[in-house]
Amino acid sequence: MLPVLFERLNDVFFRSSADGRLDWLSPNVSKLLGYTADELIGTSAHRLYVRPDDRVALLKAALEAKGAAVEMEVEQRRKDGATIWSLISVCAVTKPSGEFAGIQGMVRDITDLWLTRKTLEDSEDRFRRLSDVATEAICIHFEGKIIDFNRAFETLFRYSREEFLSMWAWDVIDPRDIPRAKEMVRLQYEDPYEVRGLRKDGSIFPMEIYSKHSKMGEKSVRVTSIRDLTQRKQAEETVRLLSQAVEQSPVGVMVVDGAGMVQYVNSAHAEISHHPVETVVGRPLVQMFPAKARGVVEEMWRTLSGGGDWRGEVQSQAKGGPSSWLQVRASRVATPGEDATHFLIVMEDVTVRKEQERRLQHQALFDGLTDLPNRTQALDRLSHDIETARDADRKVALLFVDLDEFKSINDSLGHEYGDELLVLASERLRRAAGSGAMVARFGGDEFLVIMGDIEGAAAAEVVAAAIVEEFSSPFGISRRDLIATASIGLAIYPDDGRTPQTLLRNADTAMYQAKLGGRNRYCFFTARMNEEAESRLRIEGELRRAVGTEQLFLHYQPLVEVRTGRVLGMEALLRWKNPELGAMPPDRFIPQAETSGLIVPIGRMVLNSACLAARRWVDAGFGDVRVCVNVSPRQFQDAGFLGDVRAALGATELPAANLELEITEGLLLAERGEVDVLLHALGDMGVHLSIDDFGTGYSSLSYLERYPFDTLKIDRSFMVGMLERQERKVLVETIVAMASGLGLKVIAEGVETTEQLAHLDAINCDIAQGYLFSRPIPEAEVMALLERGFSV
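Okay, so the sequence shown: first residue is 1136 according to our numbering, each after it adds one.
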């Protein structure tokens, strides 16, 4: 069997003795060298080398390799005198004693490969000049053996030139893809295809192979260019993720080309618009909407074509399907410096909201309590007066009247007093307005006075002044004299708006400014007020919807003992994250909650949540840590506040000593009897009381002695520039010394630097709070902070 096997092999195997004589060769040697094995056995191997020095060099390398295989390309002479190029691989053989016994190895005919290489070397300079300027990796291989390549090829795979010249083309391909690559070569495939590349460091990357058959002399070779697809694949993945995100978006998305033809819609669009995807793509945008909405759609398209963005509401109706209202936002899709070729249209179904608005417009026309026209009839009247004034070139005045202190009266005395006050207020409004104007109850304690067919604002100002005068005298209700003044905002058609809605909004804005100006007065609308009003109304609406949801939550900031660094308490700070408005700063929404009355339910939620968190701290072994809760004036004055405190402590079983309520000093300056009673009741319960933002109001030091306060908190504004401004430094030191003399602890708010802390320590300030220690953090992070404390 072995002779037959050797005959089928191309490689010749041999063994020679220590003196260089051949003592065994495989029978197929005749195919390679023309000699039979018998002719060569016993002869010196030197005779077969064109350059005998090659035999010496090969032997030396084998000895130095100490048993490892070495190989060398050499030129050999056949029996017929012809020369061939061979690749000889040998290893040294030693006796058990370690003495050199000879070598054994293998000989392979590489004449064809060598000649191909020689041909390539003749054109190497030209190839180098062309390929080395190419950005793509290029190599040439003959029957899979790499014979040349450019610098980009070296850079891509990170092998040296010497390493590459002993490698096969398959060595730079992921083993999983080698069968496919070999099949492509076998089929002489000349279109690009993708495989996974394998670098020297073992890293795998996607690459594209483009291989063409070529001739180098008489040899057929393949010239192969390779492109690294890593960045393209990453970009494709990014596009895939973005496409998936758009497809899964809950809002409808439509892409329209420059000709107004729909190119793409996502799944949500079909649900929102009631148009199946196949009925939309490829059709004109305008056909997606009913005829009555075509004008709006054409306006949107004109805006987009003119380079602008468009936002509005459009009515949609699929054939035979329900009608719906869509809120639409449309914008151009363009890269910087290029004209837009497509447009993005995003839409949300707002049908429910529109339907709610429609139902509200069908309410009864009169108010059941005051017998005044209600909101709906008032707006109809306002619309009618505006149309009449437009035709006659006359003016219309809208007065927005709000009762000052109404909520306080309603909450403290009861709804019976509040209802009677509204009835009496409506009578005074009728008297002040006269027979030519309409007085309507807009809602709650808000009224409208509509004056049509007037020459100018002077007539409206006369009525506004008369209302202020009417409300200056007390209202007699059940043998009580109640003071309830009015704040009035005025808007004039067409100067301040040409629609009822605009006039109403602007009059309301002016009324709010009258309240800010001190109440019990009137104020004409100015254009500057509009932005402030729109922002305020939106915040109030979103805040009202946020009450009782997870949009409102608490963060906590530590109160740190200056001397020791021990955490004595955590102040509960309200946060609001709205899906539409984002994270809202407290100074934007808390004043709005205060004026709207939402602060009462919000404050109750804050109190309950803070007590529950403090209970968990107590259970974890931090029994001396207090939770500090800010109490707004509106919340403090609410009739149920004391009960809310008791309920929160009872529900959480939190000791009263672990709760501290922070009261603003402005509330104390009112000197109301109920304030005195409430503060002492809280003190009797064991709740700690703190004066918040001390020094920012009209301070009256008498209340420090009158009420059972434990702590005085210096406002953060005093920390700013404290060390640089001598007067501020002295003021802080004076407050600390005064509080210490009265037996009060002092908290310095807004501490941000170690220098500030060192000064507070030097003047014996008790407690510090600020970013130096920690920003406000979620409850989940509080326990670790309590365990860690601070090093001061």
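For glycine and all other residues, C-beta sits at the position ideal for the given N, C-alpha and C.
C-alpha gap between residue i and residue j, whole angstroms
{"i": "I1912", "j": "Y1691", "result": "5 Å"}
{"i": "H1348", "j": "K1214", "result": "36 Å"}
{"i": "L1804", "j": "I1798", "result": "Unreliable positioning characterises L1804 in this predicted model, as indicated by a pLDDT of 48, which lies under 50. The coordinate reading is nonetheless provided below. About 11 Å."}
{"i": "R1633", "j": "A1681", "result": "34 Å"}
{"i": "Q1648", "j": "V1735", "result": "24 Å"}
{"i": "E1448", "j": "G1587", "result": "31 Å"}
{"i": "A1883", "j": "A1718", "result": "27 Å"}
{"i": "V1147", "j": "F1340", "result": "39 Å"}
{"i": "L1265", "j": "Y1345", "result": "Legend: pLDDT at L1265 = 46, less than 50; position of this residue unreliable, no value from coordinates given."}
{"i": "E1581", "j": "D1546", "result": "17 Å"}
{"i": "V1228", "j": "L1333", "result": "36 Å"}
{"i": "S1151", "j": "W1220", "result": "20 Å"}
{"i": "L1733", "j": "T1414", "result": "48 Å"}
{"i": "H1550", "j": "K1650", "result": "23 Å"}
{"i": "V1753", "j": "K1848", "result": "24 Å"}
{"i": "L1639", "j": "S1518", "result": "11 Å"}
{"i": "I1275", "j": "I1245", "result": "17 Å"}
{"i": "S1466", "j": "T1476", "result": "11 Å"}
{"i": "G1233", "j": "A1153", "result": "13 Å"}
{"i": "E1806", "j": "I1407", "result": "Legend: pLDDT at E1806 = 42, less than 50; position of this residue unreliable, no value from coordinates given."}
{"i": "R1293", "j": "F1284", "result": "13 Å"}
{"i": "P1314", "j": "W1305", "result": "9 Å"}
{"i": "A1426", "j": "F1776", "result": "57 Å"}
{"i": "V1175", "j": "K1166", "result": "The question names Val, but residue 1175 is Leu in the sequence shown. Taking the straight line joining both Cα atoms gives about 14 Å."}
{"i": "A1380", "j": "S1402", "result": "11 Å"}
{"i": "V1810", "j": "M1646", "result": "30 Å"}
{"i": "E1522", "j": "P1768", "result": "45 Å"}
{"i": "E1364", "j": "A1370", "result": "Checking the sequence, you will find Leu at residue 1364 rather than Glu. Approximately 10 Å, taken between the alpha carbons."}
Nearest-angstrom Cβ-Cβ length linking residue i and residue j, presumed shorter than 8 Å
{"i": "V1762", "j": "A1745", "result": "5 Å"}
{"i": "T1787", "j": "L1824", "result": "Not quite, the Cβ-Cβ distance comes to about 19 Å (not below 8 Å), so this is no contact."}
{"i": "S1879", "j": "T1846", "result": "Position check: residue 1879 holds Leu in this sequence, whereas Ser was assumed. Yes, L1879 and T1846 are in contact; Cβ-Cβ is about 6 Å, under 8 Å."}
{"i": "L1559", "j": "F1610", "result": "5 Å"}
{"i": "V1400", "j": "V1388", "result": "7 Å"}
{"i": "L1556", "j": "I1480", "result": "Their Cβ separation, rounded to whole angstroms, is 51 Å, which puts L1556 and I1480 out of contact at 8 Å."}
{"i": "G1821", "j": "A1791", "result": "3 Å"}
{"i": "I1602", "j": "L1564", "result": "6 Å"}
{"i": "G1818", "j": "P1843", "result": "3 Å"}
{"i": "K1280", "j": "W1303", "result": "6 Å"}
{"i": "L1439", "j": "F1478", "result": "5 Å"}
Short Cβ contact (8 Å threshold) for residue i with residue j
{"i": "L1689", "j": "L1709", "result": "yes"}
{"i": "F1149", "j": "G1240", "result": "yes"}
{"i": "V1191", "j": "I1273", "result": "no"}
{"i": "E1433", "j": "V1421", "result": "yes"}
{"i": "E2002", "j": "T1218", "result": "Given a span of 1136 to 1927 for the chain in the structure shown, any question on residue 2002 remains unanswerable."}
{"i": "A1172", "j": "G1155", "result": "no"}
{"i": "V1697", "j": "L1892", "result": "yes"}
{"i": "A1568", "j": "V1598", "result": "yes"}
{"i": "V1741", "j": "A1707", "result": "yes"}
{"i": "R1516", "j": "F1577", "result": "no"}
{"i": "A1626", "j": "A1642", "result": "yes"}
{"i": "G1553", "j": "F1541", "result": "yes"}
{"i": "L1703", "j": "I1826", "result": "no"}
Candidates the options: closest to residue i by CA position
{"i": "G1591", "options": "G1337, A1532, N1401", "result": "A1532"}
{"i": "D1539", "options": "L1716, K1280, S1622, E1706", "result": "S1622"}
{"i": "K1712", "options": "D1336, F1288, E1206, I1674", "result": "I1674"}
{"i": "L1839", "options": "G1856, A1874, V1865", "result": "A1874"}
{"i": "E1604", "options": "A1370, A1619, A1626, I1627", "result": "A1619"}
{"i": "I1725", "options": "V1702, L1703, L1687, R1701", "result": "L1687"}
{"i": "A1200", "options": "M1664, D1722, L1222, F1235", "result": "F1235"}
{"i": "M1342", "options": "I1407, Y1328, S1459", "result": "Y1328"}
{"i": "I1737", "options": "N1285, K1530, F1660, T1684", "result": "T1684"}
{"i": "D1336", "options": "D1309, I1361, L1322", "result": "D1309"}
{"i": "F1908", "options": "Q1512, E1914, F1925, L1716", "result": "F1925"}
{"i": "A1405", "options": "M1396, E1382, G1393", "result": "E1382"}
{"i": "Y1184", "options": "L1300, G1216, R1851, V1867", "result": "G1216"}
{"i": "H1409", "options": "Q1512, Q1450, D1392", "result": "Q1450"}
Within the segment 1294 to 1336, ranges of the beta strand (DSSP E) (whole runs, at least 3 residues): 1328 to 1333
Entirely enclosed alpha helix (DSSP H) segments - the segment 1571 to 1646, minimum 4 residues: 1592 to 1605
Start-end ranges of the alpha helix (DSSP H) lying completely within the segment 1731 to 1794, minimum 4 residues: 1734 to 1754, 1768 to 1772, 1776 to 1787
Can you check the segment 1409 to 1475 for any alpha helix (DSSP H) of at least 4 residues that lies completely inside it and give the ranges in chain order? 1429 to 1440
Just list the beta strand (DSSP E) runs in the segment 1665 to 1718, keeping only unbroken ones of 3 residues or longer that don't cross its boundaries, in chain order. 1687 to 1696, 1702 to 1713
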